[in-house]
Amino acid sequence: MQASDRVLAGRYAAALFQAASAKGEEQKVQADLGSAHKLLLDAMAALRHPRVPPASKKKLVHDALGDKVGATTLKFLDLLVDKKRFDLMIMVSAVFTKLAADKRGSAKAHVRSAAPLSPEAQRELAAKLKNFTGKEIELDVKEDPELIGGVTVKIGDWVLDSSLRGQLRRLRESFN
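Numbering of the sequence shown is given in this note's numbering, commencing with residue 5 and proceeding in unit increments.
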C-alpha cells in the first residue's frame, strides 16, 4: 500500500468517525467495519475488480451484509464503491479503531516478550504504560523467543525495546 493510500484512508476514516460521532454510533460502526470485513472476505476480489460495475458491487455488499450492519456503515461502504476505493476498507477500519480509542482515552500496546508474562506482570506493565501515556492501556501480548530476554512494547509510533537482542544490537552499534 502506498503512502498516498494511507493518507486517503485516514481522511475517509476521519470523515466516517465524524459522521458516527454525530450520531453517537462510534462503537457500532467500529464493530460493523470488523464484521463487514469478515463477511466480505470471499467477495473482495469482485469488489476490487475494475470491470465489475458499481451497481453489482453494491448489490453484492447489500446481499452479504443485509441487516448485519448499520445504515451508516452501509452508506460508507457504498461510498467506497462509488469512489472506487473499496480496497481501502481494511485500512479505514484500522484508522477508525485508533480514532475511537483516542476518543475513549485508551491505546493498544503490542508487547512481545521472550518468556510468558504472568497476569501480575501484565497488570504492572499496563499500569506503568498508563502512567507514561496517560491513557488506559489494552495489552496485546505475544511470546517471541528471538528476543532472548526482556520485552518490546509498541504503542502507535512509539517503541520501547528493552530486549536483550536490542541491547546487544545497540552495544554493537556503539562500537562501530
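Backbone N, C-alpha and C fix where the C-beta goes; we use that ideal spot for every residue, glycine too.
- Each of Glu142, Gln126, Lys79, Val163 was checked against the Cα of Ala105, and the nearest Cα belongs to Glu142.
- Taking the Cα of Thr76 as reference, the smallest distance to any Cα among Ala19, Trp162, Glu140 is reached at Ala19.
- Rounded to the nearest angstrom, the gap between the Cα atoms of Leu83 and Val73 is 15 Å.
- Rounded to the nearest whole angstrom, the CA to CA distance from Ala23 to His66 is 20 Å.
- The three-state reading of DSSP puts Lys158 in strand, counting E and B together.
- By alpha-carbon distance to Thr101, the top candidate from Leu175, Gly38, Gln171, Gln6 is Gly38.
- DSSP places Arg116 in the strand class (E or B) of the three-state scheme.
- By the C-beta criterion, the segment 112–127 is judged to be in contact with the segment 154–170, since at least 3 inter-stretch pairs fall below 8 Å.
- In the displayed model, Val56 falls within coil according to three-state DSSP, outside both helix and strand.
- Contact between Glu30 and Lys107 holds, since their C-beta atoms are separated by about 7 Å, short of 8 Å.
- Leu64 and Ile94 have their C-alpha atoms roughly 17 Å apart.
- Ala98 and Gln34 have their C-alpha atoms roughly 9 Å apart.
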